[in-house]
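Participant:
2 protein chains.
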Amino acid sequence: MSATQDPPPRTGPIRLGPHARAALRPTADPVVAGGFWARRQEVVAHAGIPQGPLLLESAGNLHDLRLAAGKATGEFRGDYPFMDSDVYKWLEAASWQLARLHPDSPEGRRLADDVERIIGLVADAQQPDGYLNTWFQAGKGRGPFTDLRWGHELYCAGHLIQAAVAHHRATGREQLLTVARRFADHIDATFGPADSGKPIDGIDGHPEVETALVELYRETGERRYLDLAGYFVDSFGRGLLGGETYCQDRVPVRSARHVEGHAVRQLYLLAAVADLATETEDAQLRAAGERLWSEMATTKTYLTGGVGAHHDKEEFGDPYELPTERAYCETCASVASIQFSWRMALLTGSARYSDLIERTLFNGFLSGMSLDGERWLYINPLQVRDGHTDQGGDKSARRTRWFRCACCPPNVMRLAASFEHYISSTDGRGIQLHQYTQGTFRGEVSEVPVVVSVNTDYPWQGRIAFTVDESATDEPWTLSLRIPQWSSGFTVQYPDGALDENTAALDDGWLRLTRSWKPGERAVLELDMEPRFTQADPRVDAVRGCVAIERGPLVYCLEQVDHPGGGLDEIVIDTSRPLTAKHRPDLLGAVTTVLAGGHRRAIPERGWWPYPSSDTAEFVPRENGAAAPIELTAIPYYAWANRRDGSMRVWLPTS
Amino acid sequence: MSATQDPPPRTGPIRLGPHARAALRPTADPVVAGGFWARRQEVVAHAGIPQGPLLLESAGNLHDLRLAAGKATGEFRGDYPFMDSDVYKWLEAASWQLARLHPDSPEGRRLADDVERIIGLVADAQQPDGYLNTWFQAGKGRGPFTDLRWGHELYCAGHLIQAAVAHHRATGREQLLTVARRFADHIDATFGPADSGKPIDGIDGHPEVETALVELYRETGERRYLDLAGYFVDSFGRGLLGGETYCQDRVPVRSARHVEGHAVRQLYLLAAVADLATETEDAQLRAAGERLWSEMATTKTYLTGGVGAHHDKEEFGDPYELPTERAYCETCASVASIQFSWRMALLTGSARYSDLIERTLFNGFLSGMSLDGERWLYINPLQVRDGHTDQGGDKSARRTRWFRCACCPPNVMRLAASFEHYISSTDGRGIQLHQYTQGTFRGEVSEVPVVVSVNTDYPWQGRIAFTVDESATDEPWTLSLRIPQWSSGFTVQYPDGALDENTAALDDGWLRLTRSWKPGERAVLELDMEPRFTQADPRVDAVRGCVAIERGPLVYCLEQVDHPGGGLDEIVIDTSRPLTAKHRPDLLGAVTTVLAGGHRRAIPERGWWPYPSSDTAEFVPRENGAAAPIELTAIPYYAWANRRDGSMRVWLPTS
């Protein structure tokens, strides 16, 4: 590899290897331009990413790199051995952003300078043997690789590798990739099976390096990185970390029956499982990915796509244990879920994975970032109560400028900055559109490129127009449109006629439009955007007797600020009154609200004990409900907590 | 004080000081004999307490004492700086038990020998300056009183003091009290306000020493212990521990509006608040105790009396945030709640405090110990799901022989072994019976003792018979009977006639029977023990659309083992079918079960996404419910998890 003058093709976080076997593969040079997601990307580009260096400076991360390089003195700053990973995730985000900027624009030059400078700090901090972790280099802990359970050294290495791959793909430059390879080579020389002669038969308590090593193999062609990833993945569940569920060490992933333990750890591990299944055709790993994804989606995922029910240990809960008031739903877990799902989408070609991605993107992921891109949520609960006693901090329902444990903000940045790479794919016989956003996306037909541009005001409008921009082939090919899992009705108009939900046969979630597409030809998909009530499986105890409001891919919520005159927890929704959508350009950066009918229930006075029995007058078998109706205004969940502190609810009692 | 040949009067954990101002005071020599609680005490006496020394030996606690005394070598054992407190709580339990045994019985001699031996270890471990904490003496941490937030040294001192007071009250012997006083004197010389000239202006991260110091003042008459307790109590909320909510340091207790932070810490602190209000007539502290108790009882207490909703940090949750599936309800928090409530009961004379004690004793406390007294629950959830993925450990829904963090078992032992001291009190004009259990209890009438014996098969039967055994006064006096908060109907027969819920005027929860009681005269209270359905305040989201089953003071639950043929989470209860009680001498050591009607709901197949919307066929507005009826067998909650592992539910969906 060498630096090149021409801009490289803009590939994203995944570029399949030459021997990969996947149903679909990502294509280069996707463009998101205009519309909902472009605006979110702009916010990240103008707030989060440019502010990163300052925040990393004030939180101590950059100081720690200088300290390791011998270019600063003083104490290590920050409380965690994974401080470096925040830097790497920011570098990854900035790299994806760089790829989008003209290198000679003031903005491009400024960002390139920041990236260059911080890569320099990283390179300087690296030890001659390739090792790099500022916590241990600062003398915290007992030395390199002595605390694999909590040391996070391979975890940080994984983020370094992902940043380096992003930087290389985005700029063609090698400096960070060289650093990453040196560390990867050091790890490869250090870790291996007991009979390999390498010093340590071990794994990191936090999976991450595995998926990164697969990508490093893809980027460099070095097979030993793939093998090392395979060794690591199959070493979880061997008891190397004391069999801890939290660290994914209780059971080998090949035989696991359910997702468990720390949600981000589980999902980064599963991303690597999908990567390895893709690159090595390992059917058992593929089956594990499919099985565990289904178990997660069906029994352990919130309506918002959020995962990880427990605050305690940031873990998955039991099946259907999805409490709203203590939903943890770490923002990072949404990122990890999207990464795992996207790899499964490519591997299998099934649309359901992108269904979950859409839901997570628009709700449990996007809620993690404030509308102005300057404040963050670490957790994404589905309810904040009246009388909430939260006092702030990382695990708070209040948006925060930065966290003591700052894993989430740069994780949001790197996904948002590479968002366009999660939209489209090709199977060599056309193009699949997984997400609907304005922009231009490529596919291939027998190695001939085809290009489709998309015009839409989705998710506010259900109309999505596709125009074939390029199709230098006479071969028939297929424009595959994902019909969202949430959709009950649609129509599609295209040159061969019209279809709707009654006449179209969906193929594993896809609507396939096959013809000899010519440039300029169009298809228009219209999804039914009527707002709707949504229930949960009755086993989700936490929301019994409640409905949620949804519209299109968006989950809605009530916020206290829109409902003065009483608490949210007194509100009952009336499902017999219709829901109506109302676009509000003035509100929360322009959102479509949903208006609903309800009332405030009278809560009987009961003395000091809140549990009346059937032999007392306070026991109310059914609500008598003569209360005066009130109007409810639901806003998209992703936009909550951008105004005043107060209560919030996604699930609303029906009586 | 000196040792005495006569057995001292058997006083309990609280003996008010000479200047105390309380509505009620505890009386000496209560006897629980026969019946429900006597059997529970026997189990503790024959399983838990005698096994304690062996368990403390194998968990390392006794080794650590020897290590501190220089009589053992090797490493400190155990993971916590509060290992000593397990020894002290066991010593307290054993002391209460010793008071009940004849000193010349084989059992009495054996237990006395164990207590003597372990007190010897404690005494040997104490430093010449009075300091005693084996963790720090073993060189763990940076030395005495350098880590007040987590060091638990004053916490351990508190338990040492309570054990010493118990041992002194139970046996008249001074050895342990001397150790405790030496440590207390060392603490008093070390801690004080900034202007006191003492080295440290500080508090322990875990309140406990405060209530213990008040009792040490009561036992020794040394006023400075009371003053030290007052200094500590008022130092929480000053930011000495960084203002941490967890450690009760966010806000001074005098101005606190809600219980918060670590539940046990909050409640031990509040026990001291009640103690100080009692001994110093501090109206502001009394008001804080009343206010915070009400806030806790009304908004943060489970039906079982359990408190502390969050696993994370073992904290109180928000008001009405009472999830069943992740109810933490630490067993120690139930103990602490009872201790706080009992002090408030004595201070105020209001029956509600003993209402909550009864509920907690029979449910959230008793569930912490297995029926055979050999296994324990650290947490006491109200639901274990079908498909539960718990893998055991301290915070498990499986009973465990001992814990890595073994605070709960000896805490249960010390409360159970002193249980008879929570039954009765006197106001100098008669006797108040707070709890109903077979036994003999004293009161006073103008300093003349009166004695009432109680005969009952409570809680299985509602009939409670009271006989005046002693009344050497012609003065009229009052037998006060608590009419339980849960009771909707009762009758009482006594020499002056009969009363029922329509004719009796209750006085702050008390039924007052005033007359010139003569020995041999009786009263019989009959409480309505019909099983009943119980609801929660609608703000308790977690149990919306559910009822619980209760009978008398007992909360009931369903267990999987009694309901083969499907999961518990599919069961719907039919509240239109009557509940019937059935005593089962064969089951779980003899319990009254409650039989109910219900059915298993069919859960629609929905594909991979568990949230159907109103525009899809899977959306079910109301259950159509043509399912075949099934019989449900509810058992007392305290007896759960004594058979096979499996799911469990207290709250049952009604549709």
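Taken in order, these protein sequences are the chains called W and G.
The opening position of the first sequence corresponds to residue 1 in the working numbering, with each subsequent residue numbered one higher.
The opening position of the second sequence corresponds to residue 1001 in the working numbering, with each subsequent residue numbered one higher.
For every residue, glycine included, the Cβ atom is placed at its ideal position computed from N, Cα and C.
Quick caveat: nothing in here was measured; it's all calculated off a predicted structure.
Can you pull the chain G residues whose beta carbon is under 7 Å from the beta carbon of residue 578 of chain W, in chain order?
Facilitator: The premise fails here: residue 578 of chain W is roughly 11 Å from chain G at the closest Cβ pair, so nothing lies under 7 Å.
Participant: Ignore the nearest five residues each way along the sequence and tell me which others in residue 14 of chain W's own chain have a CB closer than 6 Å to its CB.
Facilitator: Same-chain partners within the cutoff: 26.
Participant: If you draw a straight line from the C-alpha of residue 1317 of chain G to the C-alpha of residue 1507 of chain G, how long is it?
Facilitator: Their Cα atoms are separated by approximately 33 Å.
Participant: Roughly how many angstroms lie between the CA atoms of residue 1357 of chain G and residue 1023 of chain G, to the nearest whole one?
Facilitator: Roughly 18 Å between the two C-alpha positions.
Participant: Using the three-state DSSP reduction, which class does residue 304 of chain W fall into: helix, strand or coil?
Facilitator: Here residue 304 of chain W sits in coil by DSSP.
Participant: Closer than 8 Å between beta carbons: that is the criterion. Which residues of the stretch 592-604 of chain W meet it against chain G?
Facilitator: So the list reads 601, 603, given in the order they occur along the chain.
Participant: Would you say residue 1645 of chain G and residue 1386 of chain G are within 8 Å of each other, going by their C-beta atoms?
Facilitator: For residue 1645 of chain G and residue 1386 of chain G, no; Cβs fall outside 8 Å.
Participant: How is residue 1630 of chain G classed by DSSP in three states: helix, strand or coil?
Facilitator: In the structure shown, residue 1630 of chain G sits in a strand (DSSP, three-state: E or B).
Participant: Can we say the stretch 1359-1370 of chain G touches the stretch 1631-1644 of chain G, given the rule of at least three CB pairs closer than 8 Å?
Facilitator: Yes: the two stretches touch, three or more of their Cβ pairs being nearer than 8 Å.
Participant: Run down chain W in chain order and give the residues with a C-beta less than 8 Å from the C-beta of residue 1323 of chain G.
Facilitator: Within 8 Å Cβ-Cβ: 323, 325, 326, 542.
Participant: Which residue or residues does DSSP assign as beta-bridge partners of residue 1477 of chain G?
Facilitator: Note: residue 1477 of chain G sits in a beta bridge opposite G:1515.
Participant: Label residue 1718 of chain G either buried or exposed according to how many other C-beta atoms from any shown protein chain fall within 10 Å of its C-beta, with 16 as the threshold for buried.
Facilitator: Since the displayed chain G opens at 1001 and closes at 1655, residue 1718 of chain G lies outside it and no answer follows.
Participant: If you measure beta-carbon to beta-carbon, which residues of the stretch 1341-1356 of chain G are closer than 7 Å to chain W?
Facilitator: Within the stretch 1341-1356 of chain G, the residues whose Cβ lies closer than 7 Å to some Cβ of chain W are 1352, listed in chain order.
Participant: Checking 8 Å against the spacing of the C-beta atoms, do residue 542 of chain W and residue 322 of chain W come in under that value?
Facilitator: Yes, the pair counts as a contact, with Cβ atoms nearer than the cut-off.
Participant: Terminal residues of the continuous alpha helix (DSSP H) containing residue 599 of chain W?
Facilitator: Looking at the DSSP string, residue 599 of chain W is not in any alpha helix (DSSP H); the run it does join, the beta strand (DSSP E), is 591-600.
Participant: With DSSP collapsed to three states, give me the class of residue 1444 of chain G.
Facilitator: DSSP places residue 1444 of chain G in strand when its eight states are reduced to three.
Participant: Can you confirm whether residue 1608 of chain G, when its beta carbon is compared against all beta carbons of chain W, has any partner nearer than 8 Å?
Facilitator: Chain W, which has a Cβ nearer than 8 Å to the Cβ of residue 1608 of chain G, makes this yes.
Participant: How about residue 1004 of chain G: is its C-beta nearer than 8 Å to some C-beta of chain W?
Facilitator: Since pLDDT at residue 1004 of chain G reaches only 46, below the 50 mark, its modelled position is unreliable, and no value is offered.
Participant: I need the DSSP call for residue 365 of chain W, collapsed to helix, strand or coil.
Facilitator: In this structure, residue 365 of chain W counts as helix in the three-state DSSP scheme.
Participant: At a CB distance below 7 Å, what residues from the stretch 391-413 of chain W approach chain G? Give them in sequence order.
Facilitator: Answer set for the stretch 391-413 of chain W: 391.
Participant: Check the Cβ-Cβ distances between residue 619 of chain W and every residue of chain G, and say whether any is below 8 Å.
Facilitator: Taking Cβ atoms only, chain G reaches closer than 8 Å to residue 619 of chain W, which makes this a yes.
Participant: If the cut is a Cβ gap below 7 Å, which residues of chain G does residue 485 of chain W touch?
Facilitator: Per Cβ cutoff of 7 Å: 1609.
Participant: Where do the N-terminal and C-terminal ends of the beta strand (DSSP E) with residue 558 of chain W fall, by residue?
Facilitator: It spans 554-559 - the beta strand (DSSP E) in which residue 558 of chain W sits, taken as one unbroken run.
Participant: Applying the 10 Å Cβ sphere with the 16-neighbour rule, what's the burial state of residue 349 of chain W?
Facilitator: With 16 or more Cβ atoms within 10 Å of its Cβ, residue 349 of chain W is classed as buried.
Participant: Looking at chain G, is there any beta carbon in it that lies within less than 8 Å of the beta carbon of residue 246 of chain W?
Facilitator: Not an interface residue.
Participant: What are the residues in the stretch 1522-1552 of chain G lying within 9 Å of chain W by C-beta distance?
Facilitator: Within the stretch 1522-1552 of chain G, the qualifying residues are 1528, 1530, 1532, 1533, 1534, 1535, 1536, 1537, 1538, 1539, 1540, 1541, 1542, 1543, 1544, 1545, 1546, 1547, 1548, 1550.
Participant: Do the CB positions of residue 1433 of chain G and residue 1481 of chain G come within less than 8 Å of each other?
Facilitator: A contact, by the Cβ cut-off of 8 Å.
Participant: Please classify residue 1415 of chain G as buried or exposed, where buried requires at least 16 neighbouring CB atoms within 10 angstroms.
Facilitator: Looking at its Cβ environment, which holds 16 or more other Cβ atoms inside 10 Å, residue 1415 of chain G is buried.
Participant: By DSSP, does residue 1118 of chain G sit in helix, in strand, or in coil?
Facilitator: Three-state result, residue 1118 of chain G: helix.
Participant: What residue does the alpha helix (DSSP H) around residue 576 of chain W start on, and which one ends it?
Facilitator: Note, residue 576 of chain W: premise wrong, no alpha helix (DSSP H); not H, not E.
Participant: So within the stretch 395-427 of chain W, which uninterrupted alpha helix (DSSP H) runs reach at least 4 residues, ignoring any that extend past its ends?
Facilitator: If we require 4 residues or more, the alpha helix (DSSP H) runs fully inside the stretch 395-427 of chain W come out as 408-417.
Participant: If I follow the unbroken beta strand (DSSP E) through residue 1583 of chain G, where does it start and stop?
Facilitator: Start and end: 1580-1584.
Participant: Using CA coordinates, which residue listed in G:1267, G:1315, G:1042, G:1309 is at the minimum distance from residue 1289 of chain G?
Facilitator: Closest by alpha carbon: G:1267.
Participant: Specify whether the stretch 571-588 of chain W and the stretch 1033-1046 of chain G touch according to this definition: at least 3 beta carbon pairs, one from each stretch, less than 8 Å apart.
Facilitator: Because the criterion of three Cβ pairs below 8 Å is not met, the stretch 571-588 of chain W and the stretch 1033-1046 of chain G do not touch.
Participant: Could you list which residues in chain W have their beta carbon closer than 7 Å to that of residue 971 of chain G, in chain order?
Facilitator: One cannot answer for residue 971 of chain G here, as it falls past the ends of chain G, which runs 1001 to 1655.
Participant: Can you tell me the Cα-Cα spacing of residue 1004 of chain G and residue 1172 of chain G, whole angstroms?
Facilitator: Its pLDDT being 46, under 50, residue 1004 of chain G is placed unreliably by the model, and the measurement read from it follows with that caveat. If you take the alpha carbons of residue 1004 of chain G and residue 1172 of chain G, they lie about 6 Å apart.
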